[in-house]
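Okay, structure first, notes after.
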Amino acid sequence: MANYSSNQFKNGMKVMIDGDPCSMVDVEFVKPGKGQAFTRVRLRNLLTGRIWERTFKSNESVESADVMDTEMEYLYNDGEMWHFMDPKTFEQVAADKNAVGEAAKWLKEQDKVVVTLWNNNPISVTPPNFVELEVVETDPGLKGDTAQGGSKPATLSTGAVVRVPLFIERGDLLRIDTRIGEYVSRAN
Amino acid sequence: MQDAPWRPNAPLPNLRARARIVAQIRRFFAERNVLEVETPVLSHCAVSDPFIDSLEVEFGFHPGRVDERLYLQSSPEYAMKRLLAAGSGDIYQLAKVFRNGEAGRRHNPEFTLLEWYRLGFDDRQLMAEVEALLRTVMPGVTVRYLSYAQLFESELGLDPHRASLEQLRAACREWVDAPFADDDRATWLNLLMSHRLEPQLRGAVFVHSYPASMAALARRREDEQGRPVAARFELFVDGVELANGYHELSDAAEQARRLDADQRQRAALGLPQRPLERRLVSALRAGLPDCAGVALGVDRLVMLALGGEGLDQVISFLHPRA
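Chains as they are written, first to last, in the numbering used here: chain A, 168 to 355; chain B, 43 to 364.
In structure tokens:
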């Protein structure tokens, strides 16, 4: 595995820190007029999601992490694992609950997602920014009362619950912004 | 196409404000009869400071030949002191300076340094003049004066002069995830300063009486408690290091010792050995008048005066677009 010296650090670089793969979120050069230079890095632990800052000396080096973001198609969930396929190589991988995390709420079969692989094992799943999901349950629309902005909960086909306008009915297809988990519009 | 790479990264109104500030600076010194000078950007000698890397330039007396290795100046200090020793009197310079490897939000490999020297001044008198210049450019700025020890004692309960290496390291690791090894007390003091203390310095704060080990080219003296300190100050504005000044060392033998000590430290760190500016020692031997001098980052001054966060707002073409 290659090593990166701290003066090569840049945003997005994937490195091994204390045995875990991490991504550099922000890299800042710090140097007093008199005195040695440091590189202050905001890191995200790709296994735990923890974000923190670490400071390196100018001649320190760290090992690169074999981390790849791969676009894959979501196939199915077998009750324990989520299965994905690389549409180019037809290779399949199975991700556990830890790796899929919050993304599970937005996964619809055949949707394209980004699977992050570390040493070829899935460690995280990023859904598309926008997904289209069907409403499976919501209270019947109430007429009139729009004074409070008018919203109600709706359960989607994946089990996710989002706030939707009062006119939304069971069977509607909704466009959802997965980054904030909010209703955008009706898709049909 | 605001982001087209041919365009300046700084907005034009900021560059106009910058020109006004530079004009204010020149007027400030003209009113005080301080002479504007220029010294070479290319020198046969490099800075001795182990933590500043000079850029090398190949010079030939004919195209295609390399006859000499020259160095882009990281500060006009050596040459200006040679002028002082030659009898120039009070001088200032708006100098383009160059530092290899320094690029970031608040660093650019080339930048503009305002450096000036005042005969008969000590560090306290010079701090007062820096304050006057700062108020010209940033009217209404609040100004405080703190010794290095007061700052560390009030914020961290730590005596920076007497704390052991182990105490400094432990104090630092309370605040900063910095697991590397380092036996230099200055490393941990600098880390505490840049990561913990500096960001809290609101308004303008002069920090003076640095530890004697961090004297650079300042004289050493004792503080009220008999601790050896450097007659050195730094100015921070809104958490940004802006200026560094000294009651200048004028002892030639001590100057020679400090150059040699730097060179030894460079060797120990595996850094290149470059020609030392021995002519500075000769100039001091001939007689440097009693004086204080300071270097102030003009780009950062403009950035702070305009309330900006990065040098990209005040330098027309930053390193990536240069």
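Each residue gets a CB set at the ideal place from its N, CA and C atoms; glycine is no exception. Small disclaimer: the values here were computed from a predicted structure and weren't measured.
A Cβ-Cβ separation of about 6 Å places N56/B in contact with Q355/B under the 8 Å criterion.
Short of 8 Å from the beta carbon of Y252/B, and not among the five residues preceding or following it, lie these beta carbons of its own chain, in chain order: Y190, A260, V271, A272, R274, F275 and E276. For R211/B and V218/B, the gap between their C-alpha atoms comes out near 10 Å. The region 185-246 of chain A contains, as complete beta strand (DSSP E) runs of 3+ residues, the segments 187-197, 205-212, 218-224, 228-230 and 234-244 (chain order). The DSSP assignment places 207-217 as complete runs of the alpha helix (DSSP H) inside the region 196-230 of chain B, in order along the chain (cut-off: 4 residues). Between S190/A and G179/A, the gap from beta carbon to beta carbon is short of 8 Å.
DSSP lists Y159/B and Y288/B as the beta-bridge partner residues of G335/B. Boundaries of the alpha helix (DSSP H) around F71/B: L54 to E73. Taking F163/B as reference, the option from L353/B, P331/B, Q192/B and A285/B with the minimal CA-CA separation is P331/B.
In the DSSP assignment, Y120/B is bridged to no other residue. Judged by DSSP secondary structure, M169/B falls within the alpha helix (DSSP H) whose first and last residues are D165 to V179. At a cut-off of 8 Å between C-beta atoms, N286/B counts as an interface residue with respect to chain A. Taking C-beta separations shorter than 8 Å and ignoring five residues to either side along the sequence, the partners of G245/B in its chain run V183, T184, V185, R186, V279 and D280, following chain order. When secondary structure is reduced to three states using DSSP, W249/A falls in the strand class.
A check of alpha carbon separations from A127/B across R160/B, A170/B and E266/B identifies R160/B as the nearest. Separation of V260/A and C214/B (C-alpha to C-alpha, rounded to the nearest whole angstrom) is 44 Å. Bounds of the beta strand (DSSP E) holding R330/A are V328 to P332.
Residues of the region 216-250 of chain A with a C-beta less than 8 Å from any C-beta of chain B: W219, E220, R221, T222, F223, K224, S225 and E227, listed in chain order. In this structure, W285/A sits near P188/A, with a CB-CB distance shorter than 8 Å.
As the crow flies, the alpha-carbon of Y350/A is around 7 Å from that of L341/A. With the criterion set as a beta carbon lying under 7 Å from some beta carbon of chain A, the members of the region 130-160 of chain B are G143, E144, A145, G146, R147 and H149, in sequence order. For A310/B, the closest Cβ of chain A is not nearer than 8 Å.
If you compare the alpha carbons of M252/A, V281/A, K177/A and V331/A with that of S231/A, the shortest gap goes to K177/A.
Residues are counted here when their Cβ sits less than 7 Å from a Cβ of chain A; for the region 276-301 of chain B these are E283 and N286, given in chain order. Using beta-carbon distances, F176/A does not count as an interface residue toward chain B, since no partner is under 8 Å.
Rounded to whole angstroms, the separation of the alpha carbons of F205/A and A145/B is 12 Å. As far as DSSP is concerned, Y190/B takes part in no beta bridge.
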